[in-house]
Every structure is written in structure tokens, then in C-alpha cells.
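Notes for the one structure printed next.
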């Protein structure tokens, strides 16, 4: 927001400056000198009545811009403003008397040919015949020289030649300060200035407004200001000594003029020296300036508007270019070319990438379809023809076709065309517009992948083991043929890729189902392991024993699927069980040997040991009886064991026969 | 020392009793023909005097292992020392017998006079 405001400020700055200029200009043009609280009293009126309300004012015509005649011969300059106001307020008629020189001006008032003058400095000499008002304007005077004199090293005003105007107030001061100086006398400021400019005189004394005015008017160029003369003009009005009432009136009049009015006049005449007092010229100038300003404003607004338009156009152009660039980049990054297939004219047009696609240059962009068909390899001609035929039959909106072409370099390329089909009102396909892409690389990769897939399928199908994989949501991802056969045999139905394997759990007994779920949870936590499972008998299928391995499939450090490998160990398990049973039988035999067979034997040995250790401990009859009983018992046991062993052998042989 | 002989083979029971008397281990051993009898005998002889039990393993109803389990499960004021006397030559039985603290010997029948003489020299026999 702040940025937008600053932009507006910059754009409208010329307009604002012009507006400010016009305001100040208008103030200058239409501002005016005012007087407040001034009124003629009875004495004034009585005195003026004696004068018939008419006063004579002496004009010094050669002191612009303070007091002079304009090109129309009318009184102009700063003094003229005061006199005009004086006349308007008092109703006194002013008669202007033009005196050609300042000397003549002084003589004229001294001789009472005129009643009052303006732009006069007080001097003791003049005080003898004039009554002065207070100074209403002060203008500093300067020593003015030419550039030749100014560049001199040893220049001393005390010995300089001064060009001075007759009867100017500064004369007595100059003569007093520079008694050894030489003075050339002239009647006008311009004469003194030109004399100095020509180098005839070294220095003249002039106020800055006069110098500036004269230089501008006469084109004097080699003038140099040496410094302040320290004798400023203190401008007053003066009347003849015999008219104190007029002095009184003028004093009160000047005192009634407010300071801002005086400043206004000072600025108007002493600061803006280039302005002419001529009303007509001024008006023309005002008009020209106003017209110029108006034109400038219109031009500025137009310029600003145009600039904004240009900026907008530039922005839009940039946006369009960027969009176009993006579009082109997207097209070139995504596709190799854009095609426009006219099914009525039977032409195809390519916008870009022709060389890359077909490996030869062509200035043409549009080709007959017959030419296009020639480069399609014979094996794919039928497929392409079918794709075109299907357009009319199926009203396909998104059309695609993949085929191979033979390039100019006799290389084979796979192309993929994808386009939007336009139909006539009758449903006839008339145009296909779309993109074309060289998919040779991906087609080759796809072929390789297909071959690899076939190999893998052959591998996993060439085993009696069941191999399958399930996703995190327990859906079948892939499986081998044995898995599908087993599922069909066990459930009577098939399990397609993408279907949930959970229904398989439902056919299991609860305890088996819980084991399976527990194993899946382990595997999905990232643990790979083997376990043995029993698949309970169902219908004609007996109990099945299998070694099942769970192998987590990781992706980005997270288990995404489980690969399962089930190896049938039913026969192995049955064999192991038989071996275990046989072992148990052997254990029985061992136990029998230890406890049954050795019981009478131990007794026999104990009798023998007792006879050996303590011969008298048993009587003969007892000895014989014990030994006989024990021997008979032992015989019976051995006979029984022989019979049992014979039956076990027969059973084992029978089992082996059954197995083989 | 109070001596009990447990064996279901009455002939052997008589022979062992003779051996024990003749060897001087006990002049009046108590003969038990099965495990339950042996347990009752142990229960009824709870005194401060130690008991030496010659125990056969393979007996009907309550066998020797069950008698050992009973001894292990109960707390007796008097020590009970068991010598297994069995016809079994199975290492399995020999290893299992080591699990019972009360068993001090595992002897395969026939019992010998030299063995009984050696028993008499042992600390447990001398001190009890």
C-alpha cells in the first residue's frame, strides 16, 4: 500500500509542482498592496480642497524597477504601486510629471513645479528644501566594476575612476571616503554602468535590482561586483518644505500599509526582476504561462496515463511471455511436439520438435497423412488404422495411439500420441489436437521390465512352494501359481491381486488364526523370521505342515509389505514324528531293560554279593530257592522282551513298506 | 541312625536288610514294600534323629521319585539322607536324582558290603 502511494506521489509530482507554482504565481499576479486604518482628517481635507484634490508627482523615469516609465510611457515600478493606492484611498487625482534626469527631478520639486516625489534619499543639502517621510524601502548599493579592472592585482578604490550619477545621494559620501578618486558624471544609471563596462571608468555604484535589470535589458556581460558600498538606499517620499500637511498625509499613509503588503511589493519588484510591469504584456505572459502550464499538466497527465498504460502493457507482455515460456518449457519438457491432425483435409501439422522426432529438417510444418503413414513400420500399421477407425465408432474424446516409426536414419522410434478429438455435429471426427512424445526409451525399458517380469514369474512359478506378498492393509500384492492353486484347493475360490487375504483367516481354527495374525504383526514391525505352521485337515486334505518365512519389504525405512514363502514340510514332519515314536519305543525298551530285566538280575547279583560278603547270612535252602526264583523270573522276562521286539520289528517293516 | 529301606521286591528287601544289619549301619532297619509306606514311615519318625533312607525308584503306586518329591516339599526337624538303590542303569535317572538335595548317593543294584562300609566313614553318618 505504501509503495502504491509513493508511486502515485512520484507520478503526480510534476502536477503538484505545477499546481504549487500556479498558486504562487496567482498570488503574485492577483495580490495587491493594502492600506488599513487610514483616513483623511479635516485638516487633510481642507488642505486638499485648496489643491482641488489634485497633486503633482515627479517621475524619475530611469530607475527601474523602483521608478520608471514602461514601454507605454506610463508610470511603473514599485513607487507607482504606492502612488496608485494613495490615489485610490484618498480620492486625490495624481498628475504625473516626467523629469528626464535625477538632477531635473530635484530642481523640479525645489522649484515647486511638482508637489512630491518618491525614491529619494535624505541628504543634508536636500533637507534645506524638502520634507521627508520615513524610509519605506532599503536597498543596498554595490561597487560594480568591469572584469578587466577586477582582475588587476593592485586595485585601490581610493585611486579609482568612479562613474557616478549627478546629484545622487552617495556622491558626498564617496568624495569623503575616496578624496583621491576621479569621478566621471552621468545623468542615468545605465550611462554610468556602460562607461564602467567599457573600462573608461573603473567602478560605479549601483543597487543590485538596477544592475540586474540593466544587464538583462542591455546584455552587458563583463560586469563584476566588487563588494558592498556600505551606503544603502533608504527610500523615502519627499514634499516641498512649504507643504507639511502633505508630509503628514504621506507619513500616515505609509504607516498604514501593513508589512506583508510592503514585502509583497518588495518581492514583486526586487526579487522577480524579469517581470515587466506592462499590463498587456503581463497578461499575454500570464496567458502564455497559464496555457503552457495547462498544456504541461495535460501532457503530464497524458504522459502519466501513457506511462501507466505502457507499464501495464509491459507487465502484461511480460506475463504473456512468461506464460508462453512456461508453456513452451512445459511442452518441451513433457512432450516432443504438438500436432494438429486435420481428418477432413487429411493433413497433419507439427508445431515444434520436428527435427528431434524425425531426424531430418523440413521447412514445411504440414504434411499429408499419406506421407505420415509411410514412416509407420508395417507391423504397427494395422494398430494405427484400428485406432483411427475406432474414433468414428466410439466417439472417443481423449484419443491415444502408440506405434513405431522408421526415421530417415533408419532407426526405430516409439511414438505416443495423445490428443483431444473434435467431432462435427454429425459425429464425424474432424480434428485431433494434441501432443506427441518419443517414448522409445521408456518402451525399451518397459520391454525389459516385461521380460524380467516373465522371468520372475517363471522362477516363482517353478517351485512347489507358495510365494505371495501382502500390503499393509492385508491385500494381496502378488502371488505365484502354487499359491493360487493351494487357495483354490483349500477355499474353493480364487484370490485376486488387490483382494484382502483376511477371509483366509476365517477358515482357520481360532488358535491358528491368532498365530497367523500374531506373525503378521511381528513382520509388520520389521522382523524377518521363520516359523512352522499347521494347516488343519479339510475335507480330503490331511493336516499340512509348512515352514513359513515372513520377510518385511521396506520402503523409506518403513515396512510397506510382507513377502511370504511357504515351504511344505508335511512329509518331513511325518517322518520326524515316526522317528520320535520309534525313539519312544526304544526308551520303553531301555526302561524295561533297566527296571524289568535287571530286577531279577539285580536280585541274583545281590544274593551272590551277600553270600560272598556274609556266607553265613542265608541257609542253603534259602539260597537255592532265591537263586531259582530269580533265574526263572529272568528267563520269563527275556522271553517277553524277545516277543515284543519281534512285534516292533514287524510293525516298523510294515510302516516302511507303506511309506515306500 | 534311623534307617528305612523301601523296595517293592520283597526278596531284595530282605537281602538289603540283612546287608544293612551285617554292615553295622542299623541293627533294626524299617522295611517298606512301597512308596506310600515309606512316606508314612518318614512322617511317623519325625524326631531330632536323622533318617537314612535306602530308596528303590521303580515301585508300584507311589514310586521313588514321588517319595523324593514329598521329602522336598516338606520341612522336617531331622535331616533325611537318601541313598537311591535301583536296578536302573539309565543316565537319565542318575541326572534326575541330582536335582534332589536329600539324595547323597545313587547306587545300581546289587548293593555291596564295601559300599556300606564306606558309608559308615562319611561325616553325615558319623555326626548323626
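Protein chains in written order, with the working numbering: chain A, 17 to 676; chain B, -11 to 116.
Glycine included, each C-beta is placed from N, C-alpha and C at the ideal position.
Checklist entry - Closer than 8 Å, CB to CB, is residue 10 of chain B near chain A or not? => result yes
For this session: Return the first residue and the last residue of the beta strand (DSSP E) that residue 365 of chain A is part of.
Result: It spans 363 to 366 - the beta strand (DSSP E) in which residue 365 of chain A sits, taken as one unbroken run.
### Contact with chain B by residue 658 of chain A, beta-carbon distance below 8 Å
no
Next item on the list: Verify the CB distance criterion: does residue 98 of chain B have a CB-CB separation below 8 Å to chain A?
Entry: yes
- Task: Pull up the DSSP beta-bridge partners for residue 54 of chain B, would you.
- Result: Looking at the DSSP output, residue 54 of chain B sits in no beta bridge, so it has no partner there.
Within 8 Å (strictly less), CB to CB, does residue 642 of chain A reach chain B? yes
For the alpha helix (DSSP H) that contains residue 58 of chain A, what are its first and last residues? Unbroken alpha helix (DSSP H) run through residue 58 of chain A: 58 to 66.
Residue range of the alpha helix (DSSP H) that includes residue 605 of chain A = 586 to 607
Could you work out which residue in A:548, A:581, A:93 is closest to residue 282 of chain A when comparing CA atoms only? A:93
For the stretch 4 to 28 of chain B, enumerate the residues whose C-beta is nearer than 8 Å to any C-beta of chain A, in chain order. 4, 6, 7, 10
message: Under 7 Å, CB to CB, which of the residues in the stretch 34 to 51 of chain B have a partner in chain A?
response: 46
Would a check of beta-carbon distances place residue 619 of chain A closer than 8 Å to chain B? yes
* Expressed to the nearest angstrom, what Euclidean distance is found between the alpha-carbon atoms of residue 102 of chain A and residue 73 of chain A? -> 12 Å
*asked:* Which of the three DSSP states is assigned to residue 54 of chain A in this structure?
replied: coil
Task: For residue 78 of chain A, the three-state DSSP class (helix, strand or coil) - done: strand
Cβ pair residue 251 of chain A, residue 82 of chain A closer than 8 Å: yes
Alpha carbon to alpha carbon, how far is residue 709 of chain A from residue 506 of chain A?
Outside the shown range of chain A, which is 17 to 676, sits residue 709 of chain A, and nothing can be said about it.
Does the separation of the CB atoms of residue 130 of chain B and residue 74 of chain B fall below 8 Å? Outside the displayed range of chain B (-11 to 116) lies residue 130 of chain B, so it cannot be described from this structure.
Three-state class that DSSP yields for residue 130 of chain A in the structure shown = In this structure, residue 130 of chain A counts as coil in the three-state DSSP scheme.
| task | Taking only beta carbons into account, state which residues of the stretch 53 to 83 of chain B come closer than 7 Å to chain A, listed in chain order. | result | 75, 76, 77, 78
Exercise. Mind listing the chain A neighbours of residue 85 of chain B? Cutoff is C-beta to C-beta under 9 Å, in chain order.
Key: Under the 9 Å cutoff, chain A gives no residues; its nearest Cβ is about 13 Å from residue 85 of chain B.
Chain B beta carbons: is any one of them nearer than 8 Å to that of residue 625 of chain A? yes
Kindly indicate if chain A contains any beta-carbon less than 8 Å away from that of residue 0 of chain B.
yes
The alpha helix (DSSP H) that contains residue 224 of chain A, what's its start and end?
224 to 234
Exercise. Are the CB atoms of residue 62 of chain B and residue 22 of chain B nearer to each other than 8 Å?
Worked result: In this structure, residue 22 of chain B does not lie closer than 8 Å to residue 62 of chain B by Cβ.
query: Does the stretch 431 to 438 of chain A come close enough to the stretch 409 to 418 of chain A that 3 or more CB-CB pairs lie under 8 Å?
result: yes
Hey, residue 248 of chain A and residue 154 of chain A: beta-carbon distance below 8 Å or not?
yes
Q. What separation, rounded to the nearest whole angstrom, lies between the Cα atoms of residue 662 of chain A and residue 560 of chain A?
A. 33 Å
- What residues from chain A crowd round residue -6 of chain B, counting only those whose CB sits closer than 9 Å? Those within 9 Å of residue -6 of chain B in chain A number zero; the least Cβ separation is about 15 Å.
Checklist entry - Within the chosen definition, does the stretch 579 to 594 of chain A reach the stretch 463 to 482 of chain A through at least 3 CB pairs nearer than 8 Å? => result yes
Mind listing which residues of the stretch 585 to 613 of chain A have their C-beta closer than 8 Å to chain B's C-betas, in chain order?
606, 607, 609, 610, 611
Hey, residue 59 of chain B and residue 30 of chain B are a contact pair by Cβ (cut 8 Å); roughly how many whole angstroms apart? 7 Å
Between the CA atoms of residue 180 of chain A and residue 70 of chain A - distance to the nearest angstrom: 35 Å
Review point. Should residue 110 of chain B be labelled buried (16 or more other beta-carbon atoms within 10 Å of its own) or exposed?
Key: A residue is called buried once 16 or more other Cβ atoms fall within 10 Å of its Cβ, and residue 110 of chain B, having fewer, is exposed.
| Exposed or buried, residue 263 of chain A, counting other C-beta atoms within 10 Å across all chains shown (16 or more means buried)? | buried
Rounded straight-line distance, which links the Cα of residue 369 of chain A to that of residue 381 of chain A = Roughly 11 Å separates the two Cα atoms.
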